[in-house]
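Read through the structure below, which is laid out as structure tokens, and then see the notes.
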Amino acid sequence: GESVGLHLPTLSVQEGDNSIINCAYSNSASDYFIWYKQESGKGPQFIIDIRSNMDKRQGQRVTVLLNKTVKHLSLQIAATQPGDSAVYFCAENTGNQFYFGTGTSLTVIP
Amino acid sequence: EPEVTQTPSHQVTQMGQEVILRCVPISNHLYFYWYRQILGQKVEFLVSFYNNEISEKSEIFDDQFSVERPDGSNFTLKIRSTKLEDSAMYFCASSATGEDTQYFGPGTRLTVL
Numbered sequence: 005g006e007s008v009g010l011h012l013p014t015l016s017v018q019e020g021d022n023s024i025i026n027c028a029y030s031n032s033a034s035d036y037f038i039w040y041k042q043e044s045g046k047g048p049q050f051i052i053d054i055r056s057n058m059d060k061r062q063g064q065r066v067t068v069l070l071n072k073t074v075k076h077l078s079l080q081i082a083a084t085q086p087g088d089s090a091v092y093f094c095a096e097n098t099g100n101q102f103y104f105g106t107g108t109s110l111t112v113i114p
Numbered sequence: 004e005p006e007v008t009q010t011p012s013h014q015v016t017q018m019g020q021e022v023i024l025r026c027v028p029i030s031n032h033l034y035f036y037w038y039r040q041i042l043g044q045k046v047e048f049l050v051s052f053y054n055n056e057i058s059e060k061s062e063i064f065d066d067q068f069s070v071e072r073p074d075g076s077n078f079t080l081k082i083r084s085t086k087l088e089d090s091a092m093y094f095c096a097s098s099a100t101g102e103d104t105q106y107f108g109p110g111t112r113l114t115v116l
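If you're matching them up, the sequences are chains A and B in order.
Under my numbering, the very last position in the first sequence is 114; numbers go up by exactly one each time.
Under my numbering, the very last position in the second sequence is 116; numbers go up by exactly one each time.
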């Protein structure tokens, strides 16, 4: 029978290039956002977070940009490495709940 | 580095049976969560727990589900009478406060036959 599931957006990048992964969130009242990385068979792993009073936050090789006007979040990964291959998804916090996006599958080509 | 642990890594059960999934959150964290992820789908919130009581729960978390913190370290999710559609990865998470980073465990894969 036909399998049921979500078709993730995919992104393929060459090793060493920069990656940009986008996320649209739904609730304008959300005040805290997190990017997670999920490798096959593992739990989500925190990458970087940002609060709604900020537009940009930088970590090691990663930058998160928040555009509250259009409810858009992006994750930039500099000098992408093969170990960055995974599903990336954003989560928005509203009240005490986190709502997760469907994710983007990143493949790094050596 | 402290981490969230979960046991078992894989649980196989018959439909209608009860299962208990176990989690040990990070020791100084006060907020605990359960999520599930059906294969190929997104992570879905089930329940949050603080100060020995449920603080939020989703529509998925019906009367078949319950959570407990039986002692100072464990946090459990019980499914009373499992259904086929309960088959999923179940993730436990914890955070220091209710509004900061949640750290996830490796998950328990539940298979209901």
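Ideal Cβ placement from N, Cα and C applies to all residues, glycine included.
Being a predicted model, the structure only gives us computed values, none of them experimental.
Secondary structure of B/E21 (DSSP, three-state): coil. When secondary structure is reduced to three states using DSSP, A/E19 falls in the coil class, being assigned neither helix nor strand.
The C-alpha of B/N77 is placed about 19 Å away from the C-alpha of B/E4. Using a CB distance cut-off of 8 Å, A/Y92 does not count as an interface residue toward chain B.
The Cβ atoms of B/L113 and B/S98 lie no closer than 8 Å to each other.
A/T98 is bridged by DSSP to A/Q101.
An exposed status is given to A/T14, since fewer than 16 other beta-carbon atoms sit within 10 Å of its beta-carbon. Here A/L70 carries a strand assignment [DSSP, helix/strand/coil]. Ranked by Cα distance from A/A90, the options A/S109, A/G63, A/L69 and A/Y36 are led by A/S109. Neighbours of B/Y106 across chain A, judged by C-beta separation under 8 Å: F50.
Judged by DSSP in its simplified three-state form, A/L79 adopts strand. Taking C-alpha positions only, A/E96 is separated from B/T16 by approximately 33 Å. Close partners of A/Y103 in chain B (Cβ separation under 8 Å): F48. Taking all protein chains in view, the Cβ of A/I52 is crowded by 16 or more other Cβ atoms within 10 Å, so the residue is classified as buried.
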